[in-house]
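Notes follow once the structure below has been shown.
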Amino acid sequence: MRLFSLAYCSTATKPLTLSDVKKLATKASANNQLSIITGCLIYANKQFFQIIEGSQENLNLLFLKIAKDPAHDKIKILYYQQIEERLFPNWGMGLLETARTREIVKKHFEKDFQPEEFSPKQAENFTTDIKKLFFI
Ligand SMILES: Cc1cc2nc3c(=O)[nH]c(=O)nc-3n(C[C@H](O)[C@H](O)[C@H](O)COP(=O)(O)O)c2cc1C
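One gets our numbering by counting positions in the sequence shown from 1 and adding 191 to each.
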């Protein structure tokens, strides 16, 4: 099976608490395990950044579903590419809390977390740094 990775960002239509985002990630994780999708989600500054990995068919279906969700808008795909192996093999949907991403966000952004400004390459570099957090 060919593996793909899709990264997108979006803006929450209303501010969410950590508990809201945790609920969202828990549900997402349970759903994703059924279609062998893995990934990670970051929420900060009212912005989502999400990576989903899996077969192209399953990613397309999931992304279409996510894109229709009224919880967010201004959805922008940052990259969608074939990969050799999963970056987040053990995570149906790993949630990274702001406290854990602060240092990496500082490195990649001049001010606030603004992933919509990323080029595909910048999004990929950010993802590589984020992956390291899962193994600390
Ligand atoms: C930023 C964001 C990320 C989401 N990520 C996922 C995801 O990875 N997997 C998933 O099943 N649902 C995800 N959702 C939720 C879906 O949009 C949708 O509400 C949910 O899948 C519906 O689940 P159900 O069909 O089991 O009721 C996400 C929603 C938002 C706002």
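Idealized CB from N, CA, C, for every residue including glycine.
- At a cut-off of 6 Å, the beta-carbon of residue 249 does not count as near ligand 1: no heavy atom of the ligand is closer than that.
- Contact annotation: the region 292-306 does not touch the region 276-283, with fewer than three C-beta pairs closer than 8 Å.
- With a cut-off of 8 Å on Cβ pairs, the region 272-279 is not in contact with the region 204-211, counting fewer than three such pairs.
- Here residue 311 is exposed: its Cβ has fewer than 16 other Cβ atoms, across all protein chains shown, within 10 Å.
- A check of alpha carbon separations from residue 192 across 248, 216, 309, 218 identifies 248 as the nearest.
- Around the beta carbon of residue 244, 16 or more other beta carbons lie within 10 angstroms, which makes this residue buried.
- Under the three-state reduction of DSSP, residue 278 is assigned to coil, being neither helix nor strand.
- Between the alpha carbons of residue 204 and residue 302 lies a distance of about 21 Å.
- Every unbroken stretch of the beta strand (DSSP E) spanning 3 or more residues and falling wholly within the region 225-304 is given here in chain order: 229-235, 238-245, 263-274, 285-287.
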